[in-house]
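Chemist: One structure is given below, represented as structure tokens, and several questions about it will come after.
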Amino acid sequence: MLNRRVLLGSATAFALAFGLGAPAFADPDAALAALQETVLSKGPNGEEPTAPSTVVLSDEEMAQIRAMGATAAIVMHYGGNDWSRAQINGLETQFAAMGIEVIAVTDAGFKPEKQVSDLETIMAQEPDIIVSIPADPTATAAAYRAASEAGVHLVFMDNVPTGFVAGEDFVSVVSADNYGNGVAAAHLMAKALGPDGGDIGLVYHAADFFVTKQRYDAFKATITSDYPEIRIVAEQGIGGPDFSGDAEKAAGAMLISNQSINGIWAVWDVPAEGVISAARSAGRDDLVITTVDLGENVAINMAQDGFIQGLGAQRPYDAGIVEAKLAGYALLGKEAPAFVALPALPVTRENLLEAWTQVYSAEATDNIKSLMQ
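Numbers -26 to -1, 1 to 347, taken from mature numbering (1 follows the signal peptide of the UniProt record, and there is no 0), label the letters of the sequence shown in order.
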């Protein structure tokens, strides 16, 4: 049973907390506004979230770090999406300001064995810092353990290796409010479907991956608790590495076997692209799709007023900035928070251009801007 704090963004939780009973139909707009004022996620080990605004380095501390001549490596689980590129951009920008040389950026293609190999190769270069996101928290744990025991300062994105303890084995973990973004996608689905609701399908990530599981749990819990007129009639997991292709097959099968489906949720933007392809192939121009992550392709579809009717966005550029600062904490011996989380950002066509700037710290691409005019 999910606790009341976790469901804070939903109308049901609000009503129950104040003894009002569960509503027949939640107010999506009110729930979406509330999400931007709080963080619903806890960390991988149950840590309470710390605000990114509290992670600060003074001018004096920045000068001390620059004098160290430190080096860093960025070890990604998967580099084939806009989220990863924005994370790397934020990290490289902040590391440059701190005088820290980035000696390697790797992409494991979501293969744990490749990530272990990447870590072993990087360790030969003796970096002071590794910022990473484990492709599999168990299969990669020994490689991260070797780095930690060698004195490398580890900062993680989203997830941590199995058995690792903040402040002992690693510095900190930084994440978006993935639970909150799953909640946002659910409210946006309900808003797009309208008060009559309908039947929907879910395309989730079939892997031991903390943040994508949070999104799935949050979406499903919010639909179930707040929107009884929306029925989840099909679910299919995808494992990758061809996430778009796998999602296209999963969604295509759903639309054939459950012709009543009028909405599909996809776990992030790349699988959502596959769902778009499946909807086109099935001639389902009326299908509503919501997801998590503001990639360029789903943003273009949203700008066209296409299938993507809403999504919960992370803030990967800002997360990269915070991760680099936390690495600076470690170099200085400064105590760091165990878990830092950035609030969810609900996005529709209405706030797309503003949201793009918040997510990427840059204006939207020309393709997106031209379609919005």
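Cβ coordinates follow ideal geometry from the N, Cα and C atoms, glycine included.
Under the DSSP definition of a beta bridge, which residues are partnered with Glu75?
Modeler: Here residue 75 refers to the residue found at position 101 when the sequence shown is read from its first residue. DSSP output for Glu75 lists Thr45 as bridge partner(s).
Chemist: In the DSSP assignment, find the unbroken alpha helix (DSSP H) run with Tyr190 in it and report its ends.
Modeler: The count along the sequence shown starts at 1 and reaches residue 190 at position 216. Start and end: Phe184 to Asp200.
Chemist: Which term fits Asp92, buried or exposed, when burial requires 16 or more other beta carbons within 10 angstroms of its beta carbon?
Modeler: In the sequence shown, the residue the question calls residue 92 occupies position 118. Buried: at least 16 other Cβ atoms inside 10 Å.
Chemist: At which residue ranges does the region 246 to 332 contain complete beta strand (DSSP E) runs of 3 or more residues, listed in the order of the chain?
Modeler: If we require 3 residues or more, the beta strand (DSSP E) runs fully inside the region 246 to 332 come out as 262 to 266, 282 to 287, 313 to 316 and 319 to 321.
Chemist: Could you give the DSSP three-state label for His51: helix, strand or coil?
Modeler: As a working mapping, residue 51 is identified with position 77 in the sequence shown. Note: His51 maps to coil in three-state DSSP.
Chemist: Is the distance from the Cβ of Val266 to the Cβ of Ala338 below 8 Å?
Modeler: Locating residue 266 in the sequence shown gives position 292, where the first residue counts as 1. Locating residue 338 in the sequence shown gives position 364, where the first residue counts as 1. No, these two residues do not count as a Cβ contact at 8 Å.
Chemist: Alpha carbon to alpha carbon, how far is Ala(-1) from Leu(-7)? Give it in angstroms, no decimals.
Modeler: Residue numbering aside, residue -7 sits at position 20 when the sequence shown is read from its first letter. Residue numbering aside, residue -1 sits at position 26 when the sequence shown is read from its first letter. The predicted model places Leu(-7) with a pLDDT of 30, which falls under 50 and marks its position as unreliable; any figure quoted below should be read in that light. Rounded to the nearest angstrom, the two C-alpha atoms are 13 Å apart.
Chemist: With contact counted as at least three CB pairs below 8 Å, one residue from each stretch, are the region 227 to 236 and the region 189 to 208 in contact?
Modeler: Contact between the region 227 to 236 and the region 189 to 208 is present, because at least three Cβ pairs lie under 8 Å.
Chemist: Checking 8 Å against the spacing of the C-beta atoms, do Phe217 and Ile250 come in under that value?
Modeler: By one-based count along the sequence shown, residue 217 stands at place 243. By one-based count along the sequence shown, residue 250 stands at place 276. No; because the gap between Cβ atoms is not below 8 Å, this pair is not in contact.
Chemist: For Leu31, report the span of its beta strand (DSSP E) as first-last.
Modeler: Counting from 1 along the sequence shown, the entry for residue 31 is found at position 57. Leu31 -> no beta strand (DSSP E), and no H or E assigned at all.
Chemist: Please classify Thr139: is it buried, with 16 or more other beta-carbons within 10 angstroms of its beta-carbon, or exposed?
Modeler: Taking the first residue of the sequence shown as position 1, residue 139 is located at position 165. The identity of residue 139 in the sequence shown is Val, whereas the question assumes Thr. Exposed, by the Cβ-count rule.
Chemist: Going by DSSP in three states, Asn236 sits in which element: helix, strand or coil?
Modeler: By one-based count along the sequence shown, residue 236 stands at place 262. Three-state result, Asn236: strand.
Chemist: Could you pull out every residue in the same chain whose Cβ sits closer than 6 Å to the Cβ of Tyr303, ignoring the five residues on either side in sequence?
Modeler: Start at 1 with the first residue of the sequence shown, and residue 303 comes out as number 329. Closer than 6 Å at Cβ, skipping near neighbours: Ala310.
Chemist: In three-state terms, what does DSSP make of Phe138?
Modeler: Indexing the sequence shown from 1 puts residue 138 at position 164. Correct three-state label for Phe138: coil.
Chemist: Would you identify the three-state DSSP class for Ala109, choosing helix, strand or coil?
Modeler: As a position in the sequence shown, residue 109 is number 135, starting the count at 1. Coil at Ala109, not helix or strand.
Chemist: Could you tell me whether any non-hydrogen atom of the ligand HEM is closer than 7 Å to the CB of Leu316?
Modeler: Questions concerning the ligand HEM fall outside what the structure shown contains, since it holds no ligand whatsoever.
Chemist: Roughly how many whole angstroms lie between the Cα atoms of Asp279 and Arg254?
Modeler: Here residue 279 refers to the residue found at position 305 of the sequence shown. Here residue 254 refers to the residue found at position 280 of the sequence shown. For Asp279 and Arg254, the distance between alpha carbons rounds to 14 Å.
Chemist: Just reading off the beta strand (DSSP E) that Ser149 is part of, what are its end residues?
Modeler: In the sequence shown, the residue the question calls residue 149 occupies position 175. It spans Ser146 to Ala150 - the beta strand (DSSP E) in which Ser149 sits, taken as one unbroken run.
Chemist: Below 6 Å CB to CB, which residues in the same chain sit around Val185 once its five sequence neighbours on both sides are set aside?
Modeler: Within the sequence shown, residue 185 is the residue found at index 211, counting from 1. So the list reads Asp132 and Asn152, once near-sequence residues are dropped.
Chemist: How about Ile230 and Val177: are their beta carbons less than 8 Å apart?
Modeler: In the sequence shown, counting from the first residue as 1, residue 230 sits at position 256. In the sequence shown, counting from the first residue as 1, residue 177 sits at position 203. No. Outside cutoff.
Chemist: Taking the DSSP output, what are the residues bridged to His127?
Modeler: The count along the sequence shown starts at 1 and reaches residue 127 at position 153. Paired residue(s): Ile103.
Chemist: Can you name the start and end residues of the beta strand (DSSP E) that Glu209 belongs to?
Modeler: Position 235 of the sequence shown, counting from 1, holds the residue named residue 209. Per DSSP, Glu209 belongs to the beta strand (DSSP E) from Ile204 to Ile212.
Chemist: Drop a sphere of 10 angstroms on the beta-carbon of Gln99, count the other beta-carbons inside from all chains shown, and report buried for 16 or more, exposed for fewer.
Modeler: Reading the sequence shown from its first residue, position 125 is the one you call residue 99. Gln99 comes out exposed.
Chemist: Tell me where the beta strand (DSSP E) around Leu14 begins and ends.
Modeler: Taking the first residue of the sequence shown as position 1, residue 14 is located at position 40. Careful: Leu14 lies outside any beta strand (DSSP E) and carries neither H nor E.
Chemist: Might you give, ordered along the chain, the residues of its own chain that have their beta carbon closer than 7 Å to the beta carbon of Leu345, omitting 5 neighbours on each side?
Modeler: For this step, residue 345 is matched to residue 371 along the sequence shown. Counting only Cβ-Cβ distances below 7 Å, and skipping sequence neighbours, we find Ile274, Ala277 and Gln278.
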